[in-house]
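Colleague: Line by line, the protein sequences are chains A and B.
Going by this note's numbering, the first sequence opens with residue 1, and the numbers climb by one from there.
Going by this note's numbering, the second sequence opens with residue 409, and the numbers climb by one from there.
Beta carbons: idealized from backbone N, C-alpha and C, even for Gly.
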Amino acid sequence: MKLPRQLPSLTSALLIIVVVLTSLVLVVGRDVSHRLTLAVCTDTGECGAFPQSPPVCQYHGRDRAVARASFAFAQQQPAETARLVQYGDDSASVVVTTEPDVAEVYTFQRWENAQRWVLDHSSALGDVANAAAGPTGQPVRDGYLQMLQLLQLDHQAAITPESTVRNITDPAGEGSAGAVHTDDQGAVTKLSVIIPDGSATPELRGLMDELGMWGFFSYTVELGADLAPRRLKFEGPAVADWSLDQLRSSHEYITAVARPEEAPNPQTSPETPSILRSYALDLTRTANEALYREIFAMESVGGAAAPLLTAEDRLSHGERRELYTGIADRIRTDAVLVETGHRIIGSGDVTHDLLSETAQGLVLRDAPVQGPSTRLVDARTADLSIASSRFEPLLTCEVEPDSEGDSS
Amino acid sequence: MTFTVHVPALSRGILLHLVLSTTLLAVAVVLGPPIAWLTGQSVVVIVLTVLAVLTRAGVARWQARPLWQAGASLGMIMLTCLFSGLTGYSLVFVPLNLMGMVSGGVLQQSGVAALFALIIDITLMLAAITGGALTAAVPPKRRKTSRLLSAENLPVVQQIQEAFEENRRRHRQSI
Numbered sequence: 001m002k003l004p005r006q007l008p009s010l011t012s013a014l015l016i017i018v019v020v021l022t023s024l025v026l027v028v029g030r031d032v033s034h035r036l037t038l039a040v041c042t043d044t045g046e047c048g049a050f051p052q053s054p055p056v057c058q059y060h061g062r063d064r065a066v067a068r069a070s071f072a073f074a075q076q077q078p079a080e081t082a083r084l085v086q087y088g089d090d091s092a093s094v095v096v097t098t099e100p101d102v103a104e105v106y107t108f109q110r111w112e113n114a115q116r117w118v119l120d121h122s123s124a125l126g127d128v129a130n131a132a133a134g135p136t137g138q139p140v141r142d143g144y145l146q147m148l149q150l151l152q153l154d155h156q157a158a159i160t161p162e163s164t165v166r167n168i169t170d171p172a173g174e175g176s177a178g179a180v181h182t183d184d185q186g187a188v189t190k191l192s193v194i195i196p197d198g199s200a201t202p203e204l205r206g207l208m209d210e211l212g213m214w215g216f217f218s219y220t221v222e223l224g225a226d227l228a229p230r231r232l233k234f235e236g237p238a239v240a241d242w243s244l245d246q247l248r249s250s251h252e253y254i255t256a257v258a259r260p261e262e263a264p265n266p267q268t269s270p271e272t273p274s275i276l277r278s279y280a281l282d283l284t285r286t287a288n289e290a291l292y293r294e295i296f297a298m299e300s301v302g303g304a305a306a307p308l309l310t311a312e313d314r315l316s317h318g319e320r321r322e323l324y325t326g327i328a329d330r331i332r333t334d335a336v337l338v339e340t341g342h343r344i345i346g347s348g349d350v351t352h353d354l355l356s357e358t359a360q361g362l363v364l365r366d367a368p369v370q371g372p373s374t375r376l377v378d379a380r381t382a383d384l385s386i387a388s389s390r391f392e393p394l395l396t397c398e399v400e401p402d403s404e405g406d407s408s
Numbered sequence: 409m410t411f412t413v414h415v416p417a418l419s420r421g422i423l424l425h426l427v428l429s430t431t432l433l434a435v436a437v438v439l440g441p442p443i444a445w446l447t448g449q450s451v452v453v454i455v456l457t458v459l460a461v462l463t464r465a466g467v468a469r470w471q472a473r474p475l476w477q478a479g480a481s482l483g484m485i486m487l488t489c490l491f492s493g494l495t496g497y498s499l500v501f502v503p504l505n506l507m508g509m510v511s512g513g514v515l516q517q518s519g520v521a522a523l524f525a526l527i528i529d530i531t532l533m534l535a536a537i538t539g540g541a542l543t544a545a546v547p548p549k550r551r552k553t554s555r556l557l558s559a560e561n562l563p564v565v566q567q568i569q570e571a572f573e574e575n576r577r578r579h580r581q582s583i
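1) Just to confirm my understanding: we take A:S385, look at its own chain, exclude 5 residues before and 5 after, and list those with CB closer than 6 Å. What are they?
2) Alpha carbon to alpha carbon, what distance is there between B:R469 and A:G137?
3) Using a Cβ-Cβ cut-off of 8 Å, state whether B:Q449 counts as contacting chain A.
4) Kindly identify the DSSP beta-bridge partner or partners of A:Y219.
5) A:Q146 versus chain B: which residues are under 9 Å apart at the beta carbon?
6) Pick helix, strand or coil for A:N113, following the three-state DSSP scheme.
7) Where do the N-terminal and C-terminal ends of the beta strand (DSSP E) with A:R365 fall, by residue?
8) Residue ranges of each beta strand (DSSP E) run of no fewer than 3 residues wholly in the segment 280-355 of chain A, ordered along the chain?
9) For B:R576 and B:Q569, what's the separation of their Cα atoms in angstroms?
10) With a threshold of 16 other CB atoms inside 10 Å of the CB of B:F501, please say whether the residue is buried or exposed.
11) Using 8 Å as the limit for Cβ to Cβ distance, is B:A571 near chain A?
12) Could you tell me which of A:E162, A:R343, A:A129, A:D241 sits nearest to B:V435, measuring between CA atoms?
13) Please report the residue range of the beta strand (DSSP E) in which A:V105 lies.
14) Am I right that A:Y253 and A:L309 are in contact with their C-beta atoms under 8 Å? What's the rounded C-beta distance?
15) Looking at chain B, is there any beta carbon in it that lies within less than 8 Å of the beta carbon of A:S12?
16) Relative to the C-alpha of A:L38, which residue among A:V118, A:D366, A:A290, A:G88 is closest?
17) Compare the beta carbon distance of A:T272 and A:R343 with 8 Å and say whether it is the shorter of the two.
18) Given 8 Å as the limit, is there contact between the segment 373-393 of chain A and the segment 173-193 of chain A, that is, 3 or more CB pairs closer than that?
19) With a Cβ-Cβ cutoff of 8 Å, do A:L423 and A:D378 count as a contact?
20) Can the beta-carbon of B:M486 be found less than 8 Å from the beta-carbon of B:T538?
21) Thinking C-alpha only, which one of A:E322, A:L150, A:C47 is nearest A:A79?
22) According to DSSP, is B:G493 part of a helix, a strand, or is it coil?
23) Of all the CB atoms in chain A, is at least one closer than 8 Å to the CB of B:W470?
24) Hey, is B:R551's beta-carbon within less than 8 Å of any beta-carbon in chain A?
25) Run through chain A and tell me which residues come within less than 9 Å of B:L532, C-beta to C-beta.
26) Within its chain, find whatever has a CB closer than 8 Å to the CB of A:E174; leave out the 5 residues flanking it on each side and keep chain order.
27) With a threshold of 8 Å between beta-carbons, can B:F501 be considered close to chain A, or not?
28) Using a C-beta cutoff of 8 Å, does A:T429 count as contacting chain B?
29) Quick one: what does DSSP say B:E570 is sitting in, helix, strand or coil?
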């Protein structure tokens, strides 16, 4: 038989070179693939393309650090089961609903990594990479991503969820809603509760007036190891006719407010229809922690111990008024105030209901809730622990001429 | 009855299937997602599957042709082609498949189904190679014989056929 006894050296060398080259393409081509996919699908709005990060003014301060890590620069819902949130500090989270009212939260230090992860794990693209091995859908894509991670070529291709989040109903009386985050050990790491003004006590409505909120009052408690409190945040839609001076000058007991007959007047504008006002307290500070211990009690929420604001239904009017006055005092003394204005994507008429729904979606942004997609268009912050502090713009770096009297 | 493979052809075949598998994977990973957004992923899956079948058959045909022309037995040709295809496929996809099963949780959820899918894909790949090798094993001249069988050409054709068969017999005896 006249057959070649060995491979022609040139042919085999070429084949080996092609194998090496295609292997390199597999490694570096992933970025090209992401760019191409984004170029194709960005206009459809269905692939969850993140916008570029906001220009944040380079001004150092406690309020800036808190604001950047907390405000949602962009949030969108490319699919019913996926919600993408991009934060001001370039981080991002992806909330994937796994069953009704339950979701897993994946967090990324860089939103670009989240973008890649979303494309890599998109159910609309999953079978494409698998088809290289055959039509039955072997898990080749997962193996490819795992291989990149093992080769130290991608650190966040296959991450595990940071927490599991569940929706909770009526955690603070009828009509209230919220979400509780638990880690892989089942311990609560974060709890958010929204109390609509219709369900709030007159004392809580008084506190809302003091803080310049309408529609609902929400609180979020972030916990560390062993349920150690780390941060407490009060949030709500911003009301017009409110100023920082007004908050600072009030040192009396809060006023109990009966249910208002007229609809509140939201702070809004055509460019920024939804404005959210939030006050963050650092619970590692002794005085703040003391207040937290006074107004919150550990209760069973979804089978796990979580801090609930029990003052709403377990105290007398007088006791509640005193406690809420204490909250207002701590806020005007030591809170970081952040106001964020959000544009609502793809909405028609801006109604009270839409504004309230948008604000709720922003508060419960990393929970399995449906909410309108938003983009941050304006933000300003103030560190209330500094006596002479004023609102400082977060995005434009231009000093506001008269921020004290300007609440709109 | 012993089965043997032609080692140089086997080495070349393994390299070719290795190139083919990595190229298919690179195309699926790099170009697959953007095209899938335009056409839908089922279209891309079908195209990739057809492409894989055709190219594997083509490689097998290219690999089998010189063996057949040199008078190698059909068993040796098939064994060489199938073994090289299986090795080239397994070197790329079996490790990825195993890693994917573990990292994606498939192994825990439905290990039998994942194994079944792998077997189906390997069977399809082997079928494509078998088809390609068999088409190479049929000499094109022999298929054209019927068109040459006019009355005046018949003696010449018979002479050619006899010479061809004689040639094959000699080669088989020499192996």
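Modeller: Once the coordinates are examined:
1) Only D334 meet the Cβ criterion.
2) Their backbone Cα atoms lie some 27 Å apart in a straight line.
3) For B:Q449, a Cβ of chain A is located within less than 8 Å of the residue's own Cβ.
4) Note: A:Y219 sits in a beta bridge opposite A:V193, A:F234.
5) Residues of chain B passing the Cβ test: L504, M507, G508, V510, S511, G512.
6) Secondary structure of A:N113 (DSSP, three-state): helix.
7) Per DSSP, A:R365 lies in no beta strand (DSSP E) and is assigned neither H nor E.
8) Whole beta strand (DSSP E) segments, 3+ residues: 296-301, 304-309, 336-344.
9) Inter-residue distance for B:R576 and B:Q569 is about 11 Å (C-alpha atoms, whole angstroms).
10) The residue is buried, with at least 16 neighbouring Cβ atoms inside 10 Å.
11) Any Cβ of chain A closer than 8 Å to the Cβ of B:A571 would place that residue at the interface, and such an atom is absent.
12) Minimum Cα distance to B:V435 is reached at A:A129.
13) First-last of the beta strand (DSSP E) with A:V105: 102-108.
14) That belief does not hold up - the Cβ atoms of A:Y253 and A:L309 are roughly 19 Å apart, past 8 Å.
15) Output row for A:S12: interface = yes.
16) Scanning A:V118, A:D366, A:A290, A:G88 for the CA closest to the CA of A:L38 turns up A:V118.
17) Closer than 8 Å, so yes.
18) The answer is no - the segment 173-193 of chain A does not touch the segment 373-393 of chain A, with fewer than three Cβ pairs under 8 Å.
19) In the structure as shown, chain A begins at 1 and stops at 408. Residue 423 of chain A is therefore absent and cannot be evaluated.
20) With respect to B:T538, B:M486 sits close: the two C-beta atoms are nearer than 8 Å.
21) With distances taken between Cα atoms, A:A79 lies closest to A:C47.
22) Reduced to three states, the DSSP call for B:G493 is helix.
23) Taking Cβ atoms only, chain A never reaches closer than 8 Å to B:W470, which makes this a no.
24) Note that B:R551 scores a pLDDT of 48, beneath 50, so its modelled location is shaky; the value from the coordinates is reported in the next line. Not one chain A Cβ lies under 8 Å of B:R551.
25) Within 9 Å Cβ-Cβ: G134, P135, T136.
26) Excluding five sequence positions before and after A:E174, the CB atoms of its chain that fall closer than 8 Å to its own CB belong to S199, given in chain order.
27) Among the CB atoms of chain A, one or more fall inside 8 Å of the CB of B:F501.
28) The question about residue 429 of chain A has no answer, for chain A in this structure spans 1 to 408.
29) Three-state DSSP puts B:E570 in a helix.
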